[in-house]
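Structure record follows, encoded as structure tokens.
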Amino acid sequence: MRQAGVPGEPVGFGARDAEGSAGMTEFQVGQQFQDKENALLSVKTYSIRRGVQYKVVESDYRCYVGKCSEFGNGCTWLIRLSLRQRKGIWEVKRYNGPHTCLASSISSDHRSLDYHVISAFIMPMVRADASVSINVLLNATASHYGFMPTYRRVWMAKQKAIALIYGDCDESYNELPRWVLGVQVTMPGSIAVLQTSPVRVGGQLDESKAYFHRLFWTFPPCIEAFRHCKPLVSIDGTHLYGKYGGTLLIAIAQDENSNILPVAFALVEGENAESWSFFLSHLRQHVTPQPGLLVISDRHNGIKAALEAPDGSWLPPVAYRTFCIRHIAANFALTFKGKDARRLLVNAAYAKTEVEFDYWFDILRSEDPAMCDWANRIEYSLWTQYCDEGRRFGHMTTNISECVNSILKGVRNLPVCSLVKATYGRLAELFVRKGREAEAQLGTRQHLSTNALTSGSSSRNHLSFSLARWYNLAICKYGTYHSSSRIPCWRRILDMQRRGCAIHGPHD
């Protein structure tokens, strides 16, 4: 049977022979392979290692014959493989080797190094991380084989590897409705809204078929968890890198311990007013019905149109909108070059008081008044922290990048059904891990969040000793600590008994 070693290589490939030459283990009559694909993989890999070319003389479902490209010109290399029908395996029936010609390949590429060979080699890397870049795979292939394949060939190899590991991209769309239905049956409360487009053949509507258009989904633990998170949600979209592209829309929440939680997803054709309306309407209906909710996003026109929809479900006072300062700063940098200008704008945005904001804004104005004019075209409540009325909870950016990297890493490269399955599996792992952490915390009689305890302990010690010169500390009642800054208009109250912390300002 097929021998162990690197996939597609007879045992001993790359090793020195008994005489110490650069020869490699040759094929043997009677050597067997699991199927034709593995047999051809071995022949191609052998030719690549040798740096020689061969041509296919015969190839069908029962037989495969290859000869050296220099056959008849001094080289007699030939291999014949046949199917043993009773066992269903392929076997070397005839072999004339090794090559008696010299390695003739002086090119940086090799004809036999096709995407099938590359796919077999990169399979373990893709299985470990589906998001591994083409350049990384290309360099690994070149280092292993000694030839530099084209970028497109490696891309095709990766697509084949993904299909073998996670399923075919086309079939994945057919599998998706069945899998979603199965989740809804086994996990009551799961939400999945599938939109399809009609299929027309010759101008006639084919009602037996439909194209995938959009999918919104979320799971019961996400819906329940959001009720205990801060009343804000970050929304953003990320491009998919699969065969048909598309965009994954995500809504992200955060709890008091700064844990990031994706609460809803949507697969759409791209970011536009219609796709965002589809996502946000179902997000509001199924996950975030709470009044006074804050939405943090970029300035995409599709999001703007969806949030300003006539139904008013995302308009004040029912909901509020703010911009991600990272996106604001990126747009600002397109007009005004220089890191200092961008830094000044970000510092102004993060300012917690009007006094602090004016300080940074005055510096920005001294650099270039046009910078302030640019910023003034955006309503302050949309991008500054001091005008957010406390709704941001200090969150000035969307968390999409961190979420994708920590929880959804690699899913953008998967077929659609595998992508949806990945969100289910990784969220299940997340809730199990966090559930165990919560049980351990309650077992130690810790009823406050870790952040609250840390903040409380730090505040008491810090205020009592190292910051005595800056604050006047007054203990009003057991467990409640008030600290008043010398700088007017800012006051912090930490109530350990009620398990809460509040920041008030401005005041006299």
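Residue numbers (the numbering used here): 1435 to 1942.
In this text, a Cβ means the ideal position worked out from N, Cα and C, and glycines have one as well.
No experiment lies behind these values; they were computed from the predicted model shown.
Straight across, the Cα-Cα distance linking Cys-1806 with Tyr-1814 is about 12 Å.
For Ile-1841, no alpha helix (DSSP H) run applies, since DSSP gives it neither H nor E. No Cβ-Cβ contact shorter than 7 Å links Ala-1700 with Phe-1660. Rounded to whole angstroms, the Cβ separation of Thr-1652 and Ile-1625 is 5 Å, and the two are in contact under 8 Å.
A contact between stretches requires three or more CB pairs, one per stretch, nearer than 8 Å, and the region 1542-1554 fails this requirement with the region 1514-1521.
Annotation for His-1716: the continuous alpha helix (DSSP H) segment containing it runs 1707-1720. Residue burial is scored here from C-beta neighbours: His-1533 has at least 16 other C-beta atoms within 10 angstroms and is therefore classed as buried. A straight-line Cα-Cα distance of about 17 Å links Pro-1655 and Gly-1616. According to the DSSP assignment, Gly-1736 belongs to the alpha helix (DSSP H) that extends over 1735-1741.
Cβ atoms of Asp-1670 and Thr-1756 stay farther apart than 8 Å, at about 13 Å.
By the Cβ criterion, the region 1716-1726 is not in contact with the region 1855-1867, since fewer than three pairs of Cβ atoms, one from each stretch, lie closer than 8 Å. As DSSP reads the structure, Ser-1668 sits in a beta bridge with Ile-1686, Ile-1730. Look at Gly-1877 here: in three-state DSSP terms it is helix. Proximity of the region 1485-1504 to the region 1462-1469 falls short of the contact definition, fewer than three beta-carbon pairs being nearer than 8 Å. Around the CB of Asn-1810, fewer than 16 other CB atoms lie within 10 Å, so the residue is classed as exposed. A distance below 6 Å between beta-carbons, with the five flanking residues on each side excluded, links Ser-1668 to the following residues of its chain, in chain order: Ile-1686, Ile-1730, Thr-1832, Asn-1833.
Ranked by how close their Cα comes to the Cα of Ile-1657, the residues Met-1621, Leu-1639, Tyr-1529, Cys-1837 have Met-1621 in first place.
Annotation for Gln-1462: no beta strand (DSSP E) segment contains it, and DSSP assigns it neither H nor E. Judged by their CB atoms, Gly-1844 and Ala-1564 are nearer to each other than the 7 Å cut-off. Between Cys-1837 and Ile-1737, the gap from beta carbon to beta carbon reaches 7 Å or more.
The region 1594-1608 makes contact with the region 1847-1859: 3 or more CB pairs, one atom from each, lie closer than 8 Å. DSSP places Thr-1534 outside both helix and strand once states are collapsed to three, so it counts as coil.
Here the alpha carbons of Ser-1800 and Arg-1777 stand approximately 14 Å from one another. DSSP, read as helix, strand or coil, puts Val-1752 in coil. Secondary structure at Glu-1703: coil, using DSSP grouped into helix, strand and coil. Annotation: Val-1477 to Tyr-1585 spans about 23 Å, alpha carbon to alpha carbon. Closest option to His-1734, judged by alpha-carbon separation, among Gly-1746, Gly-1704, His-1829, Ile-1556: Gly-1704. Contact holds between the region 1548-1560 and the region 1581-1599, because three or more Cβ pairs, one in each stretch, are under 8 Å apart. DSSP places His-1673 in the strand class (E or B) of the three-state scheme. In the structure shown, Leu-1848 falls within a coil segment according to DSSP collapsed to helix, strand and coil. Taking 7 Å as the cut-off, the Cβ atoms of His-1647 and Gln-1629 count as close. Sorting Glu-1641, His-1716, Asn-1706 by C-alpha distance to the C-alpha of Val-1697 places His-1716 at the top. Cβ atoms of Ser-1709 and Val-1702 come within 8 Å of each other, at about 4 Å.
A distance of 7 Å or more separates the beta carbons of Tyr-1529 and Val-1633.
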